[in-house]
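Just add 342 to the spot in the sequence shown (first one is 1) and you have the working numbering. Report on the following structure.
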Amino acid sequence: MAKPDSRTVASLLREYAHRSSLRGGNPYRTKAYLRAADSLTALSQPLDRIIAAGALTRIPDIGDAIADIVRKLYESGTHPRLEKLREEVPAGVMELF
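Below is the structure:
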């Protein structure tokens, strides 16, 4: 399976943020995820190089916790918490975003 590019990971991170918000997650954390997704979308270097160099936290708005989420999204195309949120939040609700 091919690894996702930065735009795909950003899209997954946005989904993670919105689903988390709908489940009553911390609104500041949701905003942090969305800012990080915007930063991923704006990358000029390929995400695989940044991850290989261990430089995710050098990207604006990406700290250690979000870097771990991004790494899991990149490596597997999903995240355990995202999968749980997908079970809890119906797909129809996500169409509002």
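Positions of the beta carbon are idealized from the N, C-alpha and C atoms, including for glycine.
- Excluding sequence positions up to five before and after aspartate 390, its CB lies within less than 7 Å of the CB of Lys345, all in the same chain and listed in chain order.
- Sequence-distant partners of tyrosine 416 (beyond 5 residues in either direction) whose C-beta falls short of 7 Å from its own C-beta, in its chain, are Lys345, Pro346, Val351, Leu389, Ile393.
- The shortest CA-to-CA distance from alanine 407 to any of Thr372, Arg349, Ser348, Arg361 is the one to Thr372.
- Between glycine 434 and alanine 378, the alpha-carbon positions lie close to 25 Å from each other.
- Note that the C-beta distance between isoleucine 411 and tyrosine 358 is below 8 Å.
- Of the other Cβ atoms in all chains shown, fewer than 16 fall within 10 Å of the Cβ of serine 386; this residue is therefore exposed.
- The distance from the Cβ of arginine 356 to that of valine 431 is about 14 Å, inconsistent with a contact at the 8 Å cut-off.
- In terms of Cβ geometry, serine 348 and threonine 383 form a close pair [threshold 8 Å].
- Bounds of the alpha helix (DSSP H) holding glycine 434 are 433-436.
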